[in-house]
Amino acid sequence: MIRRMGLRPLAGPTSSNAVVRWVAVSELADPTPYLEGDELLLTTGMRLEADISGYVARLVARGVAGLGFGVGVSHEEIPAALIEAADQAGLPLLEVPRETPFIAIGKAVSELLAAEQYEEITRAFAAQGRLTRAALRPEGMHAVIDRLAKEVGGWAALLDETGEVLHATRGADTDAVTTELLRLRPSSPRLPGRAATRRPPRRPDRGRRRGGPRKGFGCRRAWRCRGRGSTSWCSRWAAEHGRAASSPSGPSSRSHPSPTP
67 MIRRMGLRPL AGPTSSNAVV RWVAVSELAD PTPYLEGDEL LLTTGMRLEA
117 DISGYVARLV ARGVAGLGFG VGVSHEEIPA ALIEAADQAG LPLLEVPRET
167 PFIAIGKAVS ELLAAEQYEE ITRAFAAQGR LTRAALRPEG MHAVIDRLAK
217 EVGGWAALLD ETGEVLHATR GADTDAVTTE LLRLRPSSPR LPGRAATRRP
267 PRRPDRGRRR GGPRKGFGCR RAWRCRGRGS TSWCSRWAAE HGRAASSPSG
317 PSSRSHPSPT P
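Numbered by this note's numbering, the letters in the sequence shown go through residues 67 to 327 in order.
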């Protein structure tokens, strides 16, 4: 964008990795109350006072990503004191030529941000598809954990509600994870490696209350479908997903009962 807009870097880091979230235009001596940080601030220096070092220091303290100075309006060239102050403070300073309107810079940054967001969404959808395909493999949840580690470029681990490691990829620091879980949940009824505590027996009428679904079962629509008879495909769908949700490893003896034909 710098080359396309004809901007010329004059101060600050030569290879800046500053994140620009938006473009702001201000001629105030102190525009920081109206900034959020990570903006590329554009100005012509119309009200630039003698305290140039203080002006630059306020911008740096606010977290401004860079300063674009438009020449040919109130200043034929950028003041040397501003260049020196920006260079000492590490604030990227760009010279904006007279023929480049500020609105063109704002549009260019907006287009770049939109393209970046679209790329992130595209990558997220692609990763979601790969995780979905991994879930259909015979390994089930283990395949999903392996795929997740590849997606994030690191390691992943699957733990149950007690902190016991069910599956971990190569290089997983599971000891650190379980230690952190113990710190966050000091009153946990079971520690990793100890015998599982016995769950209370299921109430006979559990999942059959009126007025809505039992907590954790699913949407109200799935609850209502269960009572439509054995011919309802929604009732069968709800029963199968109730089994799958009862255990991280798949169906078990504690799964939700299938609807009676």
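Every residue, glycine too, gets a C-beta built ideally from N, C-alpha and C.
Cutoff 8 Å; reference residue i; Cβ partners in own chain excluding five residues on either side
i	result
Ala209	Ala200, Ala201, Arg203
Whether residue i touches residue j by CB criterion (8 Å)
i	j	result
Pro163	Gly72	yes
Ala222	Ile211	yes
Leu197	Arg213	yes
Arg128	Leu94	no
Val126	Ala155	yes
Leu247	Gly220	no
Ala180	Arg70	no
Beta-carbon separation (whole angstroms), residue i vs residue j, contact threshold 8 Å
i	j	result
Ile118	Ala147	5 Å
Glu105	Val130	6 Å
Three-state class that DSSP yields for residue i in the structure shown
i	result
Leu247	helix
Thr235	coil
Gly136	strand
Val126	helix
Val86	coil
Glu182	helix
Arg196	helix
Leu157	coil
Thr228	coil
Ala222	coil
Glu142	coil
Leu94	coil
Leu114	coil
Contacting residues, own chain, Cβ-Cβ under 7 Å from residue i (five flanking each side not counted)
i	result
Thr240	Ala223, Val231, Ala234
Ala152	Ala77, Gly78, Val122, Leu133, Leu159
Gly237	Trp221
Arg87	Asp104, Glu105
Heavy atom of the ligand ATP within 7 Å of residue i beta-carbon
i	result
Ser176	This structure lacks the ligand ATP; in fact it carries no ligand of any kind.
Proximal residues to residue i (C-beta, below 6 Å), its chain only, five neighbours per side dropped
i	result
Arg113	Glu93, Ala95
Arg74	Glu161
The region 118–125 contacting the region 165–182, beta-carbon criterion three pairs below 8 Å: No: the two stretches stay apart, fewer than three of their Cβ pairs being nearer than 8 Å.
Cβ pair count under 8 Å reaching 3, the region 128–148 against the region 97–113: With the cut-off at 8 Å, the region 128–148 and the region 97–113 touch.
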